[in-house]
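Heads up: the sequence shown begins at 1 in UniProt numbering, then just goes up one per residue.
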Amino acid sequence: MDTTFEPPAEDGPKDDRALAEMHYQDAVQAYGYIGYDNLTAAEINARTRVERLADAQLSMLQAMYHELRHGHDQAAAQTAALTEHSRALSEHADAMDKLHGALLEHADTLSRYRSRG
Numbered sequence: 001m002d003t004t005f006e007p008p009a010e011d012g013p014k015d016d017r018a019l020a021e022m023h024y025q026d027a028v029q030a031y032g033y034i035g036y037d038n039l040t041a042a043e044i045n046a047r048t049r050v051e052r053l054a055d056a057q058l059s060m061l062q063a064m065y066h067e068l069r070h071g072h073d074q075a076a077a078q079t080a081a082l083t084e085h086s087r088a089l090s091e092h093a094d095a096m097d098k099l100h101g102a103l104l105e106h107a108d109t110l111s112r113y114r115s116r117g
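What follows is the structure, encoded as structure tokens:
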């Protein structure tokens, strides 16, 4: 009995992460380009409510991006661990199947030996 484990095919194109990272870097670059990093405290305080709201939204989007990315990394690590565990269980099942056959042969040999005596 062959219980060779076949891991599932990967979901989606492999360059999704690269595309997401590119979009994130574009947003960070646009954020820095506007000049928020170079403003003094007085200039930041003088900004309109809409500008501050936009900053807060961008910060939240950055936090969500990093949280989703971390979640993706965790899911990928867990999937890899489960794949390895499934492979190990498959190998163990194959070894147990071989042992079962060897024990049956041994029992048969003992049976024939005892019947002669």
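The C-beta atom is built at its ideal place from N, Cα and C for all residues, glycine as well.
Query raised in the report: In whole angstroms, what is the alpha-carbon distance linking GLN25 and ALA81?
Result: By one-based count along the sequence shown, residue 25 stands at place 25. By one-based count along the sequence shown, residue 81 stands at place 81. Cα to Cα, GLN25 sits roughly 30 Å from ALA81.
Query - Cβ shell of GLN74 (< 6 Å), same chain only, five flanking positions each side left out - result: As a first step, residue 74 must be located in the sequence shown, where it is residue number 74. Once the five neighbours on either side are set aside, GLN74 has no close Cβ partner at all.
Requested in this report: With DSSP as the reference, label LEU39 as helix, strand or coil.
Outcome: Residue 39 sits at position 39 when you count from the first residue of the sequence shown. Here LEU39 sits in coil by DSSP.
Report task. Could you pull the start and end residues of the alpha helix (DSSP H) that THR109 belongs to? Result -> By one-based count along the sequence shown, residue 109 stands at place 109. Counting along the chain, the alpha helix (DSSP H) containing THR109 begins and ends at 49-116.
Query raised in the report: Does DSSP put ALA18 in a helix, a strand or coil?
Result: In the sequence shown, the residue the question calls residue 18 occupies position 18. Three-state result, ALA18: helix.
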